[in-house]
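Asker:
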Amino acid sequence: MNINATLIGQMITFALLVWFTMKYIWPPLFDSLEERKKKIVEGLAAAERGHEQILLAEKKAVAVLKEARNKSSDIISLAQKRANELVEESKEQAKKESERLILAAQAHIEQEKQRARESLRQEVAVLALSVAEQILQSEVDQAKHLEILNNVSSQFAG
Amino acid sequence: MATEAHVAEGATGYIVHHLTPLSVGEGFWTLHLDTLFFSAILGGLFIWFFKSAADKATAGVPGLAQNFAELLIEFVDAQVKDSFHGRSKLIAPLALTIFCWVFLWNAMDLLPVDLLPMIAALMGVEYLRVVPSTDLNATFAISISVFFLILFYSVKIKGWSGFAKELAFQPFGPWLLPFNLLLKLVEEFAKPISLALRLFGNLYAGELIFILIALLPWYIQPVLSFPWAVFHILIITLQAFIFMVLTIVYLSMAHEDH
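Chains as they are written, first to last, in the numbering used here: chain S, 1 to 158; chain E, 159 to 416.
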């Protein structure tokens with residue numbers, strides 16, 4: 001229990017331990033702690049920034065969506081207008097076409113009527129001539145009465 | 159229980175045997191080999207553990223060893239920051255060393271009292287005292303080192319004249335100079351003595367009680383030694399903590415200029 005040279009030995013050991021701790025143990029461990037602290041602070045700040053960016057992006061996305069919706073409705077109304085125009089145009093065209101067709105048909109019918117009348121007149125003339133010829137074979141002078149017959153046939157035509 | 163020879167000497171012989179250090183040399187130049195040996199081993203253990211943690215230290219996700227080492231580092235750093243407001247590269251590592259080393263010394267008390275002495279006896283070593291903190295030389299080695307550091311920092315911070323003035327003129331002013339001086343000297347010398355004796359006394363008494371329990375019949379021993387060991391876990395940690403905190407406080411007092 002008495003104090004002796006062990007004390008000196010122990011003090012030397014203690015000094016060595018403290019020196020070693022001071023030089024090789026405390027600094028790296030303490031630095032890594034500090035560095036981690038800094039990293040965590042930075043990480044938290046980055047997370048905060050990311051959060052803000054997300055909010056910003058959401059706002060932007062909403063604006064973009066709104067714009068797109070507006071544009072699409074514009075396009076739709078424009079297309080509807082155009083379609084109405086097209087329908088109107090084609091209606092107009094069809095009307096014109098039908099009128100043209102009707103006119104053409106009427107002209108054709110008139111022509112046919114004319115032609116049929118002409119041929120009928122000639123046939124009637126020939127028929128009447130032959131009838132008259134048979135009835136009046138002996139006493140009617142063909143050359144004398146041809147003018148009268150022509151008159152009659154022209155009256156048919158009228 | 160002890161060997162036959164010591165049973166023959168009775169309880170006193172057993173106790174004395176347990177508290178006798180393994181020593182070589184004569185007079186002042188006696189060396190307690192067991193104290194030196196176990197202190198060095200435990201110091202090596204402390205250094206090895208922390209060095210391996212420090213070598214692998216990363217700022218990323220720490221491993222198990224680094225986690226534990228950082229726990230202690232932060233704990234010690236918090237204590238230092240609580241009472242010491244200056245800047246010093248020495249105090250925090252010093253406090254860490256003291257805490258861990260003293261704790262490991264004290265923890266030797268939790269080993270069964272007869273285990274290591276019996277193994278040593280089988281190898282032909284007659285005396286072995288395994289708890290370094292039951293040796294006054296060990297506790298005084300730290301406290302005297304701390305005392306020197308107190309003196310060193312007092313002089314370094316306040317200068318020779320400042321320190322002398324503090325010793326001579328406080329707390330009662332220059333007219334009571336001899337009284338001041340006496341008071342201050344007692345105060346200064348009380349620091350290392352109280353530090354060393356507090357640790358020594360607690361651990362010596364604790365060890366003695368373990369030895370006394372070991373003298374009882376075997377069927378009573380667990381009933382007593384288990385609660386005492388549990389209680390001792392608190393004591394050994396507390397004593398290491400007190401030693402560390404008082405060291406920090408004394409050194410911060412040395413740094414303060416009045």
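For glycine and all other residues, C-beta sits at the position ideal for the given N, C-alpha and C.
1. For chain E, find out if any of its Cβ atoms is closer than 9 Å to the Cβ of residue 43 of chain S; answer yes or no.
2. Check whether the stretch 201-220 of chain E and the stretch 17-36 of chain S touch, using three or more Cβ-Cβ pairs below 8 Å as the test.
3. Cutting at 7 Å between CB atoms, please list the residues of its own chain near residue 6 of chain S, excluding the five before and the five after it.
4. State the DSSP-derived secondary structure class of residue 288 of chain E, mapped to helix, strand or coil.
5. Whose C-beta lies closer than 6 Å to the C-beta of residue 34 of chain S among residues of the same chain, with five residues either side of it excluded?
6. Sort out for me which residues DSSP pairs residue 423 of chain E with in a bridge.
7. Taking the alpha carbon of residue 261 of chain E as the reference point, which residue from E:363, E:204, E:412 has its own alpha carbon closest?
8. Mind listing the chain S neighbours of residue 228 of chain E? Cutoff is C-beta to C-beta under 7 Å, in chain order.
9. Tell me the rounded alpha-carbon separation between residue 160 of chain E and residue 412 of chain E.
10. For residue 51 of chain S and residue 218 of chain E, I'd like the C-alpha separation in whole angstroms.
11. Is residue 251 of chain E helix, strand or coil when you go by DSSP?
12. Strictly below 8 Å CB to CB, what residues from chain S border residue 183 of chain E?
13. Do you know whose CA, among E:240, E:304, E:296, E:366, lies nearest residue 408 of chain E's CA?
14. Please state whether the Cβ-Cβ distance between residue 194 of chain E and residue 291 of chain E is less than 9 Å.
15. Please name the residue in E:299, E:226, E:399, E:335 whose C-alpha comes closest to that of residue 16 of chain S.
16. Can you find the residues in the same chain that come closer than 6 Å, C-beta to C-beta, to residue 349 of chain E, ignoring five residues on each side of it along the sequence?
17. Along chain E, in chain order, which residues have C-beta atoms closer than 9 Å to that of residue 15 of chain S?
18. Mind checking whether residue 361 of chain E and residue 397 of chain E have CB atoms under 9 Å apart?
19. Using the beta-carbon count (16 or more within 10 Å), is residue 62 of chain S buried or exposed?
20. So which residues on chain S does residue 326 of chain E lean against when the C-beta distance must stay under 8 Å?
21. May I ask you to report which of helix, strand or coil DSSP gives residue 67 of chain S?
22. Give, in chain order, every residue of the stretch 195-225 of chain E whose Cβ lies closer than 8 Å to some Cβ of chain S.
23. Tell me where the alpha helix (DSSP H) around residue 240 of chain E begins and ends.
24. Apply the 10 Å Cβ neighbour rule to residue 253 of chain E and answer buried if 16 or more other Cβ atoms are within range, or exposed otherwise.
25. Look at residue 238 of chain E and residue 406 of chain E and say whether their C-beta atoms are less than 9 Å apart.
26. Return the CA-CA distance between residue 133 of chain S and residue 119 of chain S, expressed in angstroms with no decimal places.
27. What is the C-beta distance between residue 196 of chain E and residue 266 of chain E, in whole angstroms, given that I count them as a contact (C-beta under 8 Å)?
28. Contact defined as beta carbons within less than 8 Å: I believe residue 250 of chain E pairs with residue 235 of chain E. What is the distance between those atoms, to the nearest angstrom?
29. Of all the options S:73, S:111, S:40, S:4, which has the alpha carbon lying nearest to the alpha carbon of residue 185 of chain E?
30. Against residue 231 of chain E, what residues of chain S qualify as contacts under a CB-to-CB distance less than 8 Å, listed in chain order?
31. Along chain E, in chain order, which residues have C-beta atoms closer than 7 Å to that of residue 69 of chain S?
32. Would you tell me roughly how many angstroms separate the C-alpha atoms of residue 108 of chain S and residue 102 of chain S, rounded to the nearest one?
33. Going by the CB atoms, is the gap between residue 227 of chain E and residue 215 of chain E shorter than 9 Å?
34. With a threshold of 8 Å on Cβ separation, who are the neighbours of residue 122 of chain S within its own chain once the five nearest residues in sequence on each side are excluded?
35. Going by CA-CA distance only, name the one from S:45, S:42, S:37 that's closest to residue 220 of chain E.
36. Among E:336, E:270, E:171, E:296, whose alpha-carbon lies nearest the alpha-carbon of residue 359 of chain E?
Answerer: Answer, in terms of the structure:
1. No, residue 43 of chain S does not count as interfacial toward chain E.
2. The stretch 201-220 of chain E is in contact with the stretch 17-36 of chain S.
3. Contacts found: none.
4. Of the three classes helix, strand and coil, the one that applies to residue 288 of chain E here is coil, per DSSP.
5. Within the same chain, residue 34 of chain S has no close Cβ partners at all.
6. Only positions 159 to 416 of chain E appear in the structure, and residue 423 of chain E is not among them; the question remains open.
7. Residue 261 of chain E has its Cα closest to that of E:204, out of E:363, E:204, E:412.
8. Counting only Cβ-Cβ distances below 7 Å, residue 228 of chain E has contacts in chain S at 29, 33, in chain order.
9. Low local confidence applies: a pLDDT of 41 at residue 160 of chain E is under 50, so the model's placement there is unreliable, with the coordinate-based value given in what follows. So the alpha carbons of these two residues sit roughly 48 Å apart.
10. One C-alpha to the other measures close to 23 Å.
11. Residue 251 of chain E: helix per DSSP, three-state reduction.
12. Simply 4, 5.
13. For residue 408 of chain E, the nearest C-alpha among the options comes from E:304.
14. Result no, Cβ atoms of residue 194 of chain E and residue 291 of chain E do not sit closer than 9 Å.
15. If we check each option's Cα against that of residue 16 of chain S, E:299 comes out closest.
16. Result list for residue 349 of chain E: 408, in chain order.
17. Those are 303, listed as they occur along chain E.
18. When the beta-carbon positions are compared, residue 361 of chain E and residue 397 of chain E come within less than 9 Å of each other.
19. Counting C-beta atoms within 10 angstroms of its own C-beta, residue 62 of chain S has fewer than 16 neighbours from the protein chains shown and is therefore classed as exposed.
20. Correct list: empty, because the minimum Cβ distance to chain S is about 29 Å.
21. DSSP, reduced to helix, strand and coil, places residue 67 of chain S within a helical segment of the structure shown.
22. Under the 8 Å Cβ criterion, the stretch 195-225 of chain E contributes 197, 198, 201, 204, 205, 208, 209, 211, 212, 213, 215, 216, 217, 218, 220, 224.
23. Residue range 222-241 is occupied by the alpha helix (DSSP H) that includes residue 240 of chain E.
24. Counting Cβ neighbours within 10 Å, residue 253 of chain E comes out buried, since at least 16 surround it.
25. Cβ distance < 9 Å, so residue 238 of chain E and residue 406 of chain E count as in contact.
26. If you take the alpha carbons of residue 133 of chain S and residue 119 of chain S, they lie about 21 Å apart.
27. Confirmed, about 6 Å.
28. A Cβ-Cβ distance of about 6 Å is found for the pair residue 250 of chain E and residue 235 of chain E, placing them in contact under the 8 Å criterion.
29. Checked all of S:73, S:111, S:40, S:4; the closest Cα to residue 185 of chain E is S:4.
30. In chain order: 26, 29, 30, 33.
31. Among the residues of chain E, none has a CB under 7 Å from the CB of residue 69 of chain S; the nearest is roughly 48 Å distant.
32. Between residue 108 of chain S and residue 102 of chain S, the C-alpha separation is close to 10 Å.
33. Yes, Cβ-Cβ distance for residue 215 of chain E and residue 227 of chain E is below 9 Å.
34. Excluding residues up to 5 positions away in sequence, 153 lie with their Cβ nearer than 8 Å to the Cβ of residue 122 of chain S in the same chain.
35. S:37 is the residue among S:45, S:42, S:37 whose C-alpha sits nearest the C-alpha of residue 220 of chain E.
36. Residue E:296 is the option with its Cα nearest to residue 359 of chain E.
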